[in-house]
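For the sequence shown, the positions run 1 to 159 when UniProt numbering is used.
In this text, a Cβ means the ideal position worked out from N, Cα and C, and glycines have one as well.
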Amino acid sequence: MSEATGAKRTDTASRTIRAAPHAIFDAFVNPDALIAWLPPKGMTGHVHVFEPHEGGSYRLALSYDAADHSTPGKSSEHTDTVSGRFLEIVPDRRIVQAVDFESDDAAFAGTMIITWSWAEVPSGTEVTIVCENVPYGISKKDHDEGLKSTLENLANYLK
1 MSEATGAKRT DTASRTIRAA PHAIFDAFVN PDALIAWLPP KGMTGHVHVF EPHEGGSYRL
61 ALSYDAADHS TPGKSSEHTD TVSGRFLEIV PDRRIVQAVD FESDDAAFAG TMIITWSWAE
121 VPSGTEVTIV CENVPYGISK KDHDEGLKST LENLANYLK
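What follows is the structure in structure tokens.
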């Protein structure tokens, strides 16, 4: 199936971060910490709702810093707003989220499942992101760059 017919895909990224698993977990469940590192390069964020427990919800907006960015936002010209649910939280090991983009564009419809997992390794903690059911409106190239940037931000945040 091609992107034009609505096929979904799975994107992944990983990085070793020089921090203990509990420090990484804390960066995920504290909304001030999360919004400090989560937005990819060229974006800033705002947390509207954040209930970090299984079954809890969240809503956040990521806005482009530059007015002349090359990729339009999904919710408005300059913003991606998402609503999500925490499906699973295993302290210091894994967080699974169901994410929906707030968009009128069918290219961004559907629920994306994001699994963040981490495991201690000799040089720190290996953090892996698996995004399933990625809407076809998100280009693979842009998503891969965004995931890589987010992991870099997390590593810098935890220095």
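Of the residues the options, the one placed nearest residue i, counting alpha carbons only
i, options, result
"ASP65", "ASP142, THR79, TYR136 and LEU38", "THR79"
"VAL47", "LYS41, GLY55, GLU54 and VAL29", "VAL29"
"SER63", "GLY84, ILE35, ARG85 and VAL90", "ILE35"
"PHE101", "ARG94, GLY84, LEU38 and ASP26", "GLY84"
For residue i, three-class secondary structure by DSSP
i, result
"THR5", "With a pLDDT of only 49 at THR5, under the threshold of 50, the placement of this residue in the model should not be trusted, and no figure is reported."
"HIS46", "strand"
"ASP105", "coil"
"THR12", "strand"
"LEU34", "helix"
"ASP26", "helix"
"ARG18", "coil"
Residue i: first and last residue of the uninterrupted alpha helix (DSSP H) it sits in
i, result
"TYR157", "140-157"
"ASP80", "No alpha helix (DSSP H) holds ASP80; the beta strand (DSSP E) holding it covers 79-90."
Residue i, enclosing beta strand (DSSP E) - first and last residue
i, result
"ALA119", "111-121"
"GLY124", "124-134"
Those residues which DSSP pairs with residue i across a bridge
i, result
"GLU54", "Partner(s): none; GLU54 has no beta bridge."
"ARG94", "VAL90 and SER117"
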